[in-house]
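Worksheet: one structure, shown below.
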Amino acid sequence: ETGVTQTPRHLVMGMTNKKSLKCEQHLGHNAMYWYKQSAKKPLELMFVYSLEERVENNSVPSRFSPECPNSSHLFLHLHTLQPEDSALYLCASSQFWTSGGNTGELFFGEGSRLTVL
Amino acid sequence: AQTVTQSQPEMSVQEAETVTLSCTYDTSESDYYLFWYKQPPSRQMILVIRQEAYKQQNATENRFSVNFQKAAKSFSLKISDSQLGDAAMYFCAYRTWGETSGSRLTFGEGTQLTVNP
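Written as structure tokens, this is what we have:
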């Protein structure tokens, strides 16, 4: 496989469930990102990992818990979510350092559509 | 903080015609990258075109070109000879970079483009 892959594509969960979103990148990048995409809103950056270390957490509620075991894999663990958390969650990867002609652009997965009942 | 504004929530164009999508941004930096991403119904964000701020020449990729006005902080996307496959949500994005924060993108709200046959 190439690129950035996300699973599952669709997820429906109750407010008391625990579930996880998975992202895998095959591009040799060293940074991975979680974005939240809600209707009529700009993409919201949630978490950034560089070399498996979290470098940014944009005031995301603790019911979202990221995990980056290595530079190729990123998880978003979900628990006791609220209906307003229903959205498309996009994973992306890039090279963290912009040197040697690297433009720092992000490569995205197809997203996981989350519905919280 | 950087902000990106897309003032056209929706646009439509006839097949084979030309359409221009607007984007403005606010920054105090002198060197940066700007991107246009396309998000078709399949949901995967795909890079359409990139522009580096220090380059005065407008970027071009086949039927896609930009009009980059650095002083005005404007970065519009022109699609020539529009095709049905161009129908998608288009996002303008600004890349910022920091030694500790790395590369990250700030997105506009998006413009939904409809191509009419």
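Protein chains in written order, with our numbering: chain A, 85 to 201; chain B, 457 to 573. Where is the CB? At the ideal position from N, CA and C, for every residue including glycine.
At a cut-off of 7 angstroms between beta-carbon atoms, G188 (chain A) makes contact with chain B. For F192 (chain A), the closest Cβ of chain B is nearer than 7 angstroms. Scanning A:M99, A:S104, A:K103, A:A115 for the CA closest to the CA of F180 (chain A) turns up A:A115.
The distance from the Cβ of Y488 (chain B) to that of R551 (chain B) is about 6 angstroms, consistent with a contact at the 8 angstroms cut-off. Shortest Cα-Cα distance from H163 (chain A) to any of A:P150, A:Y119, A:L174 involves A:P150. For G554 (chain B), the enclosing beta strand (DSSP E) stretches over residues 544 to 554. Counting along the chain, P153 (chain A) sits inside the beta strand (DSSP E) bounded by residues 148 to 154. Chain order gives the chain A residues near R551 (chain B) as T182, T187, G188, E189, L190, where near means a beta carbon separation below 9 angstroms. By the Cβ-count criterion, P496 (chain B) is exposed, with fewer than 16 other Cβ atoms from all chains shown falling within 10 Å of its own Cβ.
Not a single CB atom of chain A sits nearer than 7 angstroms to the CB of L477 (chain B). Considered as a whole, the segment 90 to 158 of chain A harbours 94 to 97, 102 to 109, 115 to 121, 128 to 134, 137 to 141, 148 to 154 as its complete beta strand (DSSP E) runs of no fewer than 3 residues, in chain order.
Put simply, the CB of A115 (chain A) is near chain B, with a gap under 7 angstroms to one of its CB atoms. Taking a beta-carbon distance threshold of 7 angstroms, G112 (chain A) does not count as an interface residue toward chain B.
With a threshold of 7 angstroms between beta carbons, G195 (chain A) makes contact with chain B. For L490 (chain B), none of the residues of chain A pass the 9 angstroms Cβ criterion, the least Cβ distance being about 10 angstroms. Per DSSP, the continuous beta strand (DSSP E) segment holding N572 (chain B) begins and ends at 567 to 572. In the structure shown, G541 (chain B) falls within a helical segment according to DSSP collapsed to helix, strand and coil.
Its Cα nearest to that of V475 (chain B), the residue B:N523 stands out among B:N523, B:T461, B:L503. With respect to K106 (chain A), F148 (chain A) sits apart: the two C-beta atoms are not nearer than 7 angstroms.
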